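Quick note: the sequence shown, position 199, residue 199 per full-length UniProt numbering, numbers continuous.
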Amino acid sequence: MALRRGRCRKRPGLVEVFTLTLFSLRGPAREAGRFILGLETSCDETSAAVLKDGKEILSNVISSQIATHQRFGGVVPEIASRKHMENITGVVDSALEEAGIGWDDLTAIAVTSGPGLVGALLVGVAYAKGAAMARKLPLVGVHHIEGHIYANLLTERELSFPLLCLVVSGGHTHLVRLLEHGRLEIIGSTRDDAGGEAFDKVARALGLGYPGGPLIEKLAKEGTIDAYDWPPGVARRTALNFSSGGLKPAGLNLVNRAKERW
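This is the structure in structure tokens:
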């Protein structure tokens, strides 16, 4: 379910509904009064949102599982799946209520189809399939990473193609070129560990708890940028690729040495 490196891909027939869901301003999105229900269950948050005309967010309801997974130091896939099953109906009902519409007003349903935790994804996909079939609505599977890319258009409406986008999300680190809606190409990616993994592992070593990434970022803003020498985050031989393989052990070694001194 990963984006393929160095290849453009386009999905004829799904592009219009997909871009409508992610607030594109072309095709059917120009027709007023079209409502899309979007579902996201790829990891530890159950989320449902309603979009009008592909660009106006009427509701965005999120049920977080952070408190549930904190004592484990990370997401437990089986627990995440069960929590999605418990929460998804209430989250969707709240999203529709907050948007002021009902099931009969929907034009289509979109759902994250991957990548992500398999069990967690299955909950969202199964719910979306059942709802779409029962109400005879189009169902669109949305690539998780494409969702991150298109989210930029929520705040930057004037962006035009071609675009260059850096995606650093959890287990993914990509440099992506967008040629047009639905047509994209990975021109750079991590050669080893993803940036998010390095953040999480170092945060755990520091005893910061879960989720570690936001806590590392917050503390970094209070630090001195040149206090330590860090390995470069760019792969040496390929200028457009990234590498966190040196950053993670460097951070862990620094923490361990500090613990030994204290």
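A virtual CB, placed ideally from N, CA and C, is assigned to each residue, including glycine.
Please read all numbers here as calculations on a predicted model, not as lab measurements.
Step through the CB atoms of chain B and report whether any lies within less than 8 angstroms of the CB of residue i.
i	result
Ser-243	Considering every chain present, this structure includes no chain B. It has just one protein chain.
For residue i, count neighbouring Cβ atoms within 10 angstroms of its own Cβ and tell me buried if that reaches 16, exposed if not.
i	result
Pro-211	buried
Glu-146	buried
Tyr-65	For the sequence presented, residue 65 should be read as Gln rather than Tyr. Result: buried.
Leu-179	exposed
Gly-170	buried
Tyr-228	exposed
Thr-107	buried
Ile-57	exposed
Glu-86	exposed
Lys-248	buried
Thr-89	exposed
Gly-38	buried
Glu-260	exposed
Phe-72	exposed
Ala-258	exposed
Glu-78	exposed
Asp-226	exposed
How is the beta strand (DSSP E) around residue i delimited, first residue to last?
i	result
Asn-60	56 to 64
Ser-47	45 to 52
Glu-217	Run containing Glu-217: none in the beta strand (DSSP E); it sits in the alpha helix (DSSP H), 212 to 220.
Ala-108	108 to 114
Gly-73	Unbroken run through Gly-73: none, as it is neither H nor E.
Phe-35	35 to 40
From residue i to residue j, what does the alpha carbon distance come to, in whole angstroms?
i	j	result
Ile-36	Val-176	26 angstroms
Gly-209	Ala-203	7 angstroms
Asp-104	Ala-220	48 angstroms
Val-76	His-172	19 angstroms
Ser-63	Gly-100	19 angstroms
Leu-215	Ser-94	30 angstroms
Ala-126	Lys-218	37 angstroms
Leu-240	Glu-185	13 angstroms
Ala-132	Arg-82	22 angstroms
Gly-116	His-143	10 angstroms
Gly-102	Thr-112	21 angstroms
Gly-130	Val-118	18 angstroms
Phe-161	His-174	18 angstroms
Leu-97	Arg-191	In the sequence as presented, Leu is not what sits at residue 97; that position holds Glu. Between Glu-97 and Arg-191, the C-alpha separation is close to 45 angstroms.
Ser-244	Val-255	17 angstroms
Arg-9	Glu-158	The predicted position of Arg-9 is uncertain, since its pLDDT is 43 and thus under 50; a value taken from the coordinates is nonetheless stated next. The straight-line gap from Cα to Cα measures roughly 24 angstroms.
Arg-183	Leu-153	16 angstroms
Lys-136	Asp-53	20 angstroms
Asp-193	Leu-164	22 angstroms
Identify the continuous alpha helix (DSSP H) that holds residue i and give its terminal residues.
i	result
Leu-252	247 to 261
Ala-80	77 to 99
So residue i and residue j are in contact, right, with Cβ under 8 angstroms, and what is the actual spacing, rounded?
i	j	result
Val-91	Val-123	So it is not a contact: roughly 11 angstroms between Cβ atoms.
Ala-80	Asp-44	5 angstroms
Ala-128	Ile-149	Incorrect: roughly 21 angstroms between the Cβ atoms, too far for contact.
Val-168	Gly-196	7 angstroms
Ala-198	Trp-230	Incorrect: roughly 11 angstroms between the Cβ atoms, too far for contact.
Leu-121	Ser-42	6 angstroms
Write down every uninterrupted run of the beta strand (DSSP E) in the segment 125 to 207 whose length is 3 residues or greater and which is fully enclosed by it, in chain order.
-> Within the segment 125 to 207, the complete beta strand (DSSP E) runs of at least 3 residues are 139 to 143, 163 to 169, 172 to 180, 183 to 189.
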